[in-house]
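To start, the structure itself, in structure tokens.
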Amino acid sequence: MVSSRKKVLAIVLAGGEGKRLMPLTADRAKPAVPFAGIYRLIDFALSNVVNSGYLQVVVLTQYKSHSLDKHVTQTWRMSTMLGNYVAPVPAQQRVGKNWYLGSADAIYQSLNLIRDEKPDIVVVVGADHVYRMDFHQMVKAHTASGAACTVAAIRQPIEMADQFGVIDVHPDDPSKIREFLEKPTDPVGLPDSPGEVLASMGNYVFDADALVEAVTRDATEIGSKHDMGGDIVPSFVRRQQAGVYDYKDNDVAGSTDRDRGYWRDVGTLGSYYAAHMDVVSPLPIFNLYNFDWPVYTSYGPQPPAKLVQGAAGVKPKVDEAVLSPGAVVIGGKVKRSVLSPGVFVQDGAEVNGAVLMNGVRVGPGAVVRNAIIDKNVVVPPGAEIGVDLDADRARGFVVEDGLTILGKDQVFPA
Numbered sequence: 010m011v012s013s014r015k016k017v018l019a020i021v022l023a024g025g026e027g028k029r030l031m032p033l034t035a036d037r038a039k040p041a042v043p044f045a046g047i048y049r050l051i052d053f054a055l056s057n058v059v060n061s062g063y064l065q066v067v068v069l070t071q072y073k074s075h076s077l078d079k080h081v082t083q084t085w086r087m088s089t090m091l092g093n094y095v096a097p098v099p100a101q102q103r104v105g106k107n108w109y110l111g112s113a114d115a116i117y118q119s120l121n122l123i124r125d126e127k128p129d130i131v132v133v134v135g136a137d138h139v140y141r142m143d144f145h146q147m148v149k150a151h152t153a154s155g156a157a158c159t160v161a162a163i164r165q166p167i168e169m170a171d172q173f174g175v176i177d178v179h180p181d182d183p184s185k186i187r188e189f190l191e192k193p194t195d196p197v198g199l200p201d202s203p204g205e206v207l208a209s210m211g212n213y214v215f216d217a218d219a220l221v222e223a224v225t226r227d228a229t230e231i232g233s234k235h236d237m238g239g240d241i242v243p244s245f246v247r248r249q250q251a252g253v254y255d256y257k258d259n260d261v262a263g264s265t266d267r268d269r270g271y272w273r274d275v276g277t278l279g280s281y282y283a284a285h286m287d288v289v290s291p292l293p294i295f296n297l298y299n300f301d302w303p304v305y306t307s308y309g310p311q312p313p314a315k316l317v318q319g320a321a322g323v324k325p326k327v328d329e330a331v332l333s334p335g336a337v338v339i340g341g342k343v344k345r346s347v348l349s350p351g352v353f354v355q356d357g358a359e360v361n362g363a364v365l366m367n368g369v370r371v372g373p374g375a376v377v378r379n380a381i382i383d384k385n386v387v388v389p390p391g392a393e394i395g396v397d398l399d400a401d402r403a404r405g406f407v408v409e410d411g412l413t414i415l416g417k418d419q420v421f422p423a
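Following our numbering, the numbering of the sequence shown begins with 10 at its first residue and continues without gaps.
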């Protein structure tokens with residue numbers, strides 16, 4: 010008996026430069042940026058895909074991809090006996106001398122992956138958002154709709170429409186897209202909620218044949234930016250073949266009323282920091298402790314986190330904090346912060362509202378506030394970060410949205 014279940018290939022788009030996350034992306038691709046201590050941003054997209062039951066996954070990479078390729082290769086291993094895989098695929102110049110010209114061109118240049126696998130459905134997922142989503146439910150809705158293309162969308166206040174790609178739906182059938190609007194200033198609210206609009210999440214489901222035809226045609230169009238959201242989706246809309254999937258209808262196992270429907274685009278330093286604060290809050294808006302829909306990763310052979318009193322017998326004080334394996338706090342104070350593996354907070358130091366990545370060391374008596382500090386930075390004894398923003402700028406640190414950011418291996422000036 011031949012199975013009637015449709016074959017699905019997942020494509021994760023992970024080639025973005027992440028210029029707005031500099032200096033965190035100075036040495037790595039945006040999807041490889043660490044998050045919440047032990048994860049990389051790409052872990053959320055990949056976890057959603059595999060938790061949805063889709064175990065044939067390709068990750069299209071390009072810019073500064075070494076750490077991303079290494080993470081995917083070492084972490085995301087599945088049973089080859091069953092034909093399952095997560096495979097990083099770098100830009101290969103298969104159809105010319107250009108690297109990827111956009112997200113649609115990335116798929117066009119990788120059509121051999123689709124032809125080899127021969128899927129019925131292709132799920133296309135961005136690699137730099139923090140959220141949980143069951144893509145099987147979206148694929149099921151896509152198949153039932155008869156659309157060739159389905160766009161995942163999240164409801165946002167209408168006054169924020171100019172920050173997103175907005176989906177204008179047919180009033181008589183809100184499952185169909187009437188127009189795709191890029192950051193509109195005069196949007197129309199939803200038929201069932203005039204104060205809201207549907208913003209694209211950057212996740213799509215396509216009939217495989219339709220996707221192949223669309224990206225092949227787009228590759229020949231002069232003036233195209235070769236972008237999935239800017240060019241491919243509008244082409245389906247013009248042919249009345251595009252549907253929308255409302256994220257509010259997605260019911261993820263283990264979700265709570267508080268964190269259901271959470272989605273955060275961490276494309277700026279401010280939003281990246283805010284997403285961390287969502288995680289450390291006492292009742293987290295994004296709950297990492299949902300064991301029914303886990304976020305998978307690997308952080309290596311780290312010892313347990315450790316809290317010990319300082320030399321003078323002062324006990325550490327830690328509240329609203331995420332402590333990763335290998336983190337050590339010695340008589341210091343940590344509040345509203347994320348400590349990644351191998352972070353040391355030493356005697357008398359104060360860390361408040363900070364994201365400290367792997368190997369950061371905060372010296373005795375130092376103060377770190379409202380800051381993001383990338384890997385291996387050493388904060389000298391008694392130094393202050395985030396206390397005087399003008400002083401931080403003068404020392405060559407990036408200051409943005411009230412935050413002080415130090416890049417990977419950045420040396421604290423004498």
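Glycine included, each C-beta is placed from N, C-alpha and C at the ideal position.
**Prompt:** Taking the runs of the beta strand (DSSP E) that are 3 residues or longer, which of them lie wholly in the segment 81-128?
**Reply:** 94-99
**Request:** For the beta strand (DSSP E) containing residue 5, list its first residue and its last residue.
**Result:** Nothing about residue 5 can be read from this structure; the chain reaches only from 10 to 423.
**Same chain only: Cβ atoms within 7 Å of residue 48, ignoring 5 sequence neighbours per side** = 304, 306
**Message:** Considering just the uninterrupted stretch of the alpha helix (DSSP H) at residue 150, what are its terminal residues?
**Reply:** 144-154
**Item:** With 16 other Cβ atoms within 10 Å as the buried cut-off, status of residue 142
**Value:** buried
**Request:** Taking only the alpha-carbon atoms, compute the straight-line gap between residue 271 and residue 288 and give it to the nearest angstrom.
**Result:** 11 Å
**Prompt:** By DSSP, does residue 271 sit in helix, in strand, or in coil?
**Reply:** coil
**Request:** Determine the direct distance from the alpha carbon of residue 320 to that of residue 145, and round the result to whole angstroms.
**Result:** 54 Å
**Prompt:** Per DSSP, which one or two residues make a beta bridge with residue 47?
**Reply:** Residue 47 pairs with nothing; no bridge assigned.
**Item:** Secondary structure of residue 11, DSSP reduced to three states
**Value:** Only weak support is given to the placement of residue 11: the predicted model assigns it a pLDDT of 40, under 50, and the value that follows is read from those uncertain coordinates. Three-state DSSP puts residue 11 in coil, outside helix and strand.
**Item:** Between the CA atoms of residue 225 and residue 332 - distance to the nearest angstrom
**Value:** 48 Å
**Asked** Ends of the beta strand (DSSP E) at residue 255?
**Response** 251-255
**Asked** Would a C-beta distance cut-off of 9 Å place residue 368 and residue 351 closer than the cut-off?
**Response** yes
**Request:** Assign residue 121 to buried or exposed, taking buried as 16 or more other Cβ atoms, counted over all protein chains shown, within 10 Å of its Cβ.
**Result:** exposed
**Message:** By alpha-carbon positions, which one of 203, 160, 264 ends up nearest to residue 215?
**Reply:** 160
**Prompt:** Buried or exposed: where does residue 107 fall if 16 or more other Cβ atoms within 10 Å of its Cβ makes it buried?
**Reply:** exposed
**Contacting residues, own chain, Cβ-Cβ under 7 Å from residue 184 (five flanking each side not counted)** = 154, 252, 253
**Prompt:** Is the beta carbon of residue 20 sitting closer than 9 Å to the one on residue 59?
**Reply:** no
**Asked** Quick one: what's got a C-beta closer than 7 Å to residue 424's C-beta in the same chain, skipping five residues either side?
**Response** Since the first and last residues shown for the chain are 10 and 423, residue 424 lies out of range.
**Asked** Mind checking whether residue 204 and residue 192 have CB atoms under 9 Å apart?
**Response** no
**Asked** Using DSSP with H/G/I as helix, E/B as strand and the rest coil, what is residue 183?
**Response** strand
**Item:** Completely contained beta strand (DSSP E) runs for the segment 304-351, where each covers 3 or more residues
**Value:** 315-317, 326-332, 337-339, 342-348
**Message:** For the segment 93-106 against the segment 33-52, do three or more pairs of beta-carbon atoms, one drawn from each stretch, fall closer than 8 Å, so that the two count as touching?
**Reply:** no
**Request:** Let me know the secondary structure DSSP gives residue 222 once reduced to three states.
**Result:** helix
**Prompt:** If you draw a straight line from the C-alpha of residue 78 to the C-alpha of residue 202, how long is it?
**Reply:** 42 Å
**Prompt:** Is the distance from the Cβ of residue 61 to the Cβ of residue 36 below 9 Å?
**Reply:** no
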